[in-house]
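This report concerns only the one structure given below.
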Amino acid sequence: MELLLWAERRKLRRSKILWIAGFATVMVALIVFAQGQFTFYESRYIDGAGWFMTAAQSLATFYVLPAVIALLGSYMICREEQEDTLKSLRLIPVDEVKLTLSKMVLALVFSVVIYLLLFAITFLVEAVLHFEALSIGLVLGNLKTYLLDGIGVFFAISPIIALVARMKKGYWLALVFAEIYSFAGLFASMSEQLKTVYPMTAVFNISGYYDASMVQVLIGIIVLLACLFWRCSF
Amino acid sequence: MSDFVIETKKLTKIYGEQTAVSSVDIHVKPGRIYGLLGRNGAGKTTIMKMILGLTPITSGEVDVFGQNIKGHEKRIYPRIGAIIETPGFYPNLTGTENLEIFAKLRGTPRPNAVKNALEVVGLPYRDKKLFSKYSLGMKQRLGIANAILHDPELLILDEPTNGLDPIGIAEVRNFIKDLSVDRGKTILISSHILSEIALLADDIGIIDHGVLLEESSMEDLEKKNRKYIQLQVSDVPKASLILERQFHVTDYAVQDEHNLRLYDTALDMAAINKALVVQDVAVISSQICNDTLEDYFKQITGGEGIA
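Sequence order for the protein chains is U and B. Oh and the first sequence: position 213 is 213 in the numbering used here, straight run, nothing missing. For the numbering used here, count along the second sequence from 1 and bump the result up by 1000.
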């Protein structure tokens, strides 16, 4: 497994998708920063300590990062077939279940890293703008939320990765499906019941981005585990 | 224990309503080069894929190293190196980086395995060129390098000279020959280029429309196709007697009741004709024939398609 993870990491060398992901994360931060310039009661949103770190999460999760993570996960799986390397791997022989598992583990790590990158950017901007106003509790709380967002979003989009890998029509489809799937979360968030069971919003219930009861958190965990189970059943 | 490195029994592959491979029995002996010759689409790649377990078998059996590959992959695959169709590699990596991944996943113990394999196929080690920028010939070479990386006992090479320039083809041919002669490797190679197979193979299997039409050693095939004098006479037994007693001819074959083949083309045909006629054997015709392997292939497959 360690060897497969090493190989998967090597295979991503010079991969454009990593740059696309980095660029998308920075763009999210820039767009939210631009949003923060709007004023509310004669005060800019960005001037509120913690606002940037909080606001970036919803935009990133409903519009951008799930699609990027799904794209990377699908790319790692689909490329073996598209680039015709699967037959060479089969002849080694490589256990295909372990191979897929290593790709999913890497996608999970990538999901966490990308959310932590977004956290790092927003935290640095917050630190530059109003360092004194930032409490350790606020920063660590956000760090925990971002970390859980990264893990949860991966769980939530894993069925899409599986679906696209199964369809074998090209990994770019993951981008489209994940975009629709995550955007729908915006509407799900308007209903308390839907918010609890819809995977994308369930992530926010678990991470603490939404104020959620223990029952909602537990249901959210069950929903995300079901997503992962569904992915594994493919 | 089987005497063959690869043995197939009634190997058949059916896609939908189309039979791609029909009851093929192949016997690859240890230390020899077996050339699978056939037109494009004859079923060569499908046979190789079935041997390697890359595609399911409809019916029949495949034994590699005396064992069915299914269920014994971990034991058998490390003893095999293969290129099937076009070699697949990661386009965003260099040739060396690609091979390093496969070498490590295989657990190749030799420290210089990648460097050696690249040297053998004439590709630079630690070159910065990405696989996506490789020419077809370079890709093919890298495929061969990957196949020999772990020093396998058996090589299965599907059209390995595809896309190579004439010098490259000669280099690969020599290299394959060396692997067999010097290192005792068993090689199954497919090609639609007859001259390639003729120059390389020790044994040959001719396949057409999924059917193995002939399997024989190259020596036997050459014997069948060497230069000969075709002699058509009225009485073959009597003619044979005259040839043996009067001209001491032993290297000949009786075709049917009127035809003989004399394999010594230096014989004095004028004297033979005269002797036969004098002893009441009518000579209907006598001519020198020279069937090439190509003629033979066309004869048994009944058409074109071989370069």
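We put the CB at the ideal spot given by N, CA and C, even for glycine.
Flagged as an interface residue toward chain B: residue 85(U), by a C-beta distance shorter than 8 Å. In the three-state reduction of the DSSP assignment, residue 1027(B) falls in the strand class, which pools E and B. Annotation: the continuous beta strand (DSSP E) that includes residue 1011(B) extends over 1006 to 1015. For residue 1293(B), there are no C-beta contacts with chain U under 9 Å, since the nearest C-beta of that chain is about 32 Å from it.
When DSSP reads this structure, residue 1083(B) sits in a beta bridge with 1157(B). Ranked by how close their Cα comes to the Cα of residue 1257(B), the residues 1061(B), 1096(B), 1235(B), 1220(B) have 1235(B) in first place. Along the length of the segment 150 to 190 of chain U, whole alpha helix (DSSP H) runs at least 4 residues long occupy 172 to 188, reported in chain order. Here residue 7(U) carries a helix assignment [DSSP, helix/strand/coil]. In chain U, no part has a C-beta under 7 Å from the C-beta of residue 1239(B); the shortest such distance is about 58 Å.
Comparing alpha carbon positions, the residue from 1101(B), 1052(B), 1243(B), 1044(B) closest to residue 1191(B) is 1044(B). Contact of residue 10(U) with chain B by beta-carbon distance below 9 Å involves 1090, 1093, 1097, 1100, 1101, 1104. Within the segment 1215 to 1273 of chain B, the complete beta strand (DSSP E) segments of 3 residues or longer fall at 1227 to 1233, 1252 to 1254, 1259 to 1262, listed in chain order. Residue-level contact by beta carbon fails for residue 1046(B) and chain U, as no gap is shorter than 8 Å. For the set 1142(B), 1181(B), 1137(B), 1147(B), the Cα lying nearest the Cα of residue 1165(B) is the one of 1137(B). Annotation for residue 158(U): 227, 228, 231 place their beta carbon closer than 6 Å to its own, counting only its chain and skipping 5 residues before and after. For the set 96(U), 36(U), 213(U), 201(U), the Cα lying nearest the Cα of residue 150(U) is the one of 201(U).
Within the segment 55 to 136 of chain U, the complete alpha helix (DSSP H) segments of 4 residues or longer fall at 65 to 82, 86 to 90, 96 to 130, listed in chain order. The beta-carbon separation of residue 1233(B) and residue 1276(B), rounded to 6 Å, stays under the 8 Å limit for a contact. Taking a cut-off of 8 Å on C-beta distances, the segment 1080 to 1089 of chain B touches the segment 1134 to 1151 of chain B, as three or more cross pairs fall below it. Not one beta carbon of chain B lies nearer than 8 Å to the beta carbon of residue 107(U). Under the three-state reduction of DSSP, residue 206(U) is assigned to helix.
Of the residues 129(U), 194(U), 2(U), the one whose Cα lies closest to the Cα of residue 45(U) is 129(U). Counting the other CB atoms within 10 Å of its CB gives residue 1008(B) a total of 16 or more, which places it among the buried residues.
Pairing residue 1207(B) with residue 1157(B) gives a Cβ-Cβ distance that is not under 8 Å. Residue state for residue 1174(B) is assigned as helix, using DSSP reduced to three classes. Per DSSP, the unbroken alpha helix (DSSP H) holding residue 1116(B) starts and ends at 1113 to 1121.
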